[in-house]
Amino acid sequence: MNNFDFYNPTHIAFGKDRVGDLSRLVPASAKVLILVGGASAEKNGTLAEVRQALGTRTHSTFSGIEPNPSFETAMKAVDLVRQEGFDFLLAVGGGSVIDATKFIAAAVPFEGDAWNILLQRGSNITHAVSFGVVLTLPATGSEMNNGAVITRHDISAKLPFRSPHLFPKFSILDPTKTYTLPVKQLANGVVDAFVHTMEQYLTYPVNAPLQDRFAEGLLQTLVEIGPRLLTATEPDYDDRASLTWAATLALNGLIGAGVPQDWATHMIGHELTAQYNIDHARTLAIVLPAMLHERRAQKHDKLLQYGQRVWGICEGTEDERITAAIDATRDFFERMGLPTRLSAYDLGQDAIDLMIQQLEAHGMTKLGEHGDITPAASRRVLVAAL
Ligand code: NZQ
Ligand code: ZN
């Protein structure tokens with residue numbers, strides 16, 4: 012196992028009827044700006060519950076944070092926070108609202124052009140406004156980590172950043188808040204959490220059996236509940252609870268501590284979203300099977316372990332078992348309703364040329380756990396995904 016630091020100060024309040032806990036979790040004297048996306052939090056009553064729990068605290072609401080949140084919209088909230096003097100932010104939503112809130116929290120006290128936060132991947136953040144989360148969409152793990160991804164439309168860039176100052180103070184995870192999610196978002200959530208686990212697990216062995224088994228447990232849980240989530244006629248509390256906790260644990264630092272990490276699939280996926288507005292998880296479903304195929308030599312040992320322990324693949328030559336493990340992954344994404352080919356989005360060779368240009372423009376030229384996924388290797392991955 013490699014050396015590591017593990018720091019995660021986020022307080023989790025998990026379970027039914029936990030929104031009321033805001034009354035004790037938000038500082039009593041806070042002046043609160045609630046941040047939401049489109050209409051969902053208002054429509055399903057979550058926003059009303061949140062406002063009630065805030066009691067006599069001064070609060071206001073900023074709405075309109077879009078999926079794949081934009082720099083442009085977030086900067087409007089930054090102006091509002093500065094003008095009105097809000098000192099606590101409360102994200103009510105999924106990964107997009109939480110990520111935008113992280114950016115706003117960092118940008119409010121930031122001096123100079125806030126886009127520099129993205130250009131320096133957050134290393135220039137020295138402090139941030141405090142914030143908490145009410146999660147409505149389990150997928151990204153943003154509710155218990157210190158990272159975020161922001162899009163800037165004028166230059167078609169979608170860039171990640173992180174900072175030790177950007178952990179939520181608390182996150183309320185009430186699985187019943189997922190009941191109004193469309194099936195498509197549930198499927199996206201399962202696949203995003205699955206790929207987060209793979210990015211930290213499917214690299215090369217470093218004698219970290221505990222992290223491996225945590226990761227395999229998450230993958231097996233997602234494989235078990237995923238199809239049920241799609242077909243259930245009524246939401247099942249236990250399956251929603253399992254999805255919520257699995258998605259949080261998949262990216263809160265636990266399974267990635269002391270092991271190599273990949274993230275090449277995510278970096279290529281972000282370019283697909285920035286250019287073609289494909290949902291985040293859907294880009295991952297396109298890239299990951301092709302990535303595993305392209306990297307089957309470098310990932311040989313872990314692919315065999317994954318095949319055996321997650322999919323029960325024990326027969327055939329090593330090569331055949333690796334192929335079967337990759338096929339099982341592709342089949343799982345397809346069963347979840349996420350296409351695994353660029354052609355499903357009418358994208359071909361022209362798109363690949365543009366993707367490679369964008370990866371180069373964003374410095375994404377040495378990706379993967381070995382730092383050897385060059386633009387030429389990314390091109391092979393995308394060609395394999397045609
Ligand atoms: O905008 P509203 O009306 O709220 O609707 C949202 C949105 O349209 C809807 N929704 C959310 N909760 C709902 C609901 N609809 C009905 N009932 C509810 N309870 O769902 C739609 C998608 O929401 P969004 O927040 O965009 O989805 P997700 O949670 O998948 O977040 C995706 C973003 O997170 C980033 C992605 O790149 C993308 O920008 N990621 C963040 C990460 C992180 N911070 O660690 C890691 C991930 O890899 C990912 O990159
Ligand atoms: Zn993701």
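In this note's numbering, the protein residues as written are 12 to 397.
In this text, a Cβ means the ideal position worked out from N, Cα and C, and glycines have one as well.
All of these numbers come straight from a predicted model, not from anything done at the bench.
Return the CA-CA distance between residue i and residue j, expressed in angstroms with no decimal places.
{"i": "residue 263", "j": "residue 295", "result": "19 Å"}
{"i": "residue 366", "j": "residue 185", "result": "38 Å"}
{"i": "residue 204", "j": "residue 221", "result": "19 Å"}
{"i": "residue 156", "j": "residue 288", "result": "24 Å"}
{"i": "residue 249", "j": "residue 153", "result": "22 Å"}
{"i": "residue 238", "j": "residue 197", "result": "10 Å"}
{"i": "residue 118", "j": "residue 42", "result": "18 Å"}
{"i": "residue 61", "j": "residue 101", "result": "9 Å"}
{"i": "residue 216", "j": "residue 56", "result": "47 Å"}
{"i": "residue 78", "j": "residue 232", "result": "26 Å"}
{"i": "residue 325", "j": "residue 245", "result": "36 Å"}
{"i": "residue 162", "j": "residue 260", "result": "25 Å"}
{"i": "residue 242", "j": "residue 72", "result": "35 Å"}
{"i": "residue 74", "j": "residue 90", "result": "14 Å"}
{"i": "residue 82", "j": "residue 129", "result": "10 Å"}
Give the DSSP-derived three-state secondary structure of residue i in the structure shown.
{"i": "residue 188", "result": "helix"}
{"i": "residue 73", "result": "strand"}
{"i": "residue 204", "result": "helix"}
{"i": "residue 181", "result": "strand"}
{"i": "residue 381", "result": "coil"}
{"i": "residue 169", "result": "strand"}
{"i": "residue 97", "result": "coil"}
{"i": "residue 151", "result": "coil"}
{"i": "residue 164", "result": "helix"}
{"i": "residue 114", "result": "helix"}
{"i": "residue 355", "result": "helix"}
{"i": "residue 174", "result": "coil"}
{"i": "residue 25", "result": "strand"}
{"i": "residue 159", "result": "strand"}
{"i": "residue 213", "result": "coil"}
{"i": "residue 45", "result": "strand"}
{"i": "residue 51", "result": "helix"}
{"i": "residue 82", "result": "helix"}
{"i": "residue 30", "result": "helix"}
{"i": "residue 108", "result": "helix"}
{"i": "residue 134", "result": "coil"}
{"i": "residue 141", "result": "strand"}
{"i": "residue 102", "result": "strand"}
{"i": "residue 349", "result": "coil"}
{"i": "residue 295", "result": "helix"}
{"i": "residue 262", "result": "coil"}
Please confirm whether residue i and residue j have their CB atoms less than 7 Å apart.
{"i": "residue 178", "j": "residue 143", "result": "no"}
{"i": "residue 399", "j": "residue 67", "result": "Nothing can be reported for residue 399, as the shown portion of the chain is limited to 12 through 397."}
{"i": "residue 103", "j": "residue 140", "result": "no"}
{"i": "residue 176", "j": "residue 136", "result": "yes"}
{"i": "residue 64", "j": "residue 33", "result": "yes"}
{"i": "residue 213", "j": "residue 310", "result": "yes"}
{"i": "residue 188", "j": "residue 284", "result": "no"}
{"i": "residue 51", "j": "residue 76", "result": "no"}
{"i": "residue 15", "j": "residue 269", "result": "yes"}
{"i": "residue 298", "j": "residue 276", "result": "yes"}
{"i": "residue 397", "j": "residue 353", "result": "yes"}
{"i": "residue 219", "j": "residue 208", "result": "no"}
{"i": "residue 159", "j": "residue 110", "result": "yes"}
{"i": "residue 392", "j": "residue 305", "result": "yes"}
{"i": "residue 199", "j": "residue 339", "result": "no"}
{"i": "residue 29", "j": "residue 183", "result": "yes"}
{"i": "residue 286", "j": "residue 167", "result": "yes"}
Let me confirm a value: residue i is counted as buried when at least 16 other C-beta atoms fall within 10 Å, else exposed. Which label applies?
{"i": "residue 308", "result": "exposed"}
{"i": "residue 210", "result": "buried"}
{"i": "residue 372", "result": "exposed"}
{"i": "residue 80", "result": "buried"}
{"i": "residue 138", "result": "exposed"}
{"i": "residue 27", "result": "exposed"}
{"i": "residue 313", "result": "buried"}
{"i": "residue 394", "result": "exposed"}
{"i": "residue 149", "result": "buried"}
{"i": "residue 273", "result": "buried"}
{"i": "residue 164", "result": "exposed"}
{"i": "residue 12", "result": "exposed"}
{"i": "residue 328", "result": "exposed"}
{"i": "residue 346", "result": "exposed"}
{"i": "residue 387", "result": "exposed"}
{"i": "residue 280", "result": "buried"}
{"i": "residue 39", "result": "exposed"}
{"i": "residue 369", "result": "buried"}
{"i": "residue 113", "result": "buried"}
Just checking residue i against the ligand MN - is the residue's beta carbon closer than 6 Å to any of the ligand's heavy atoms?
{"i": "residue 84", "result": "The ligand MN is not part of this structure, which contains only the ligand NZQ and the ligand ZN."}
*For review: beta carbons within less than 7 Å of any heavy atom in the ligand ZN*: My final list is 151, 203, 206, 207, 277, 291, 292 and 295.
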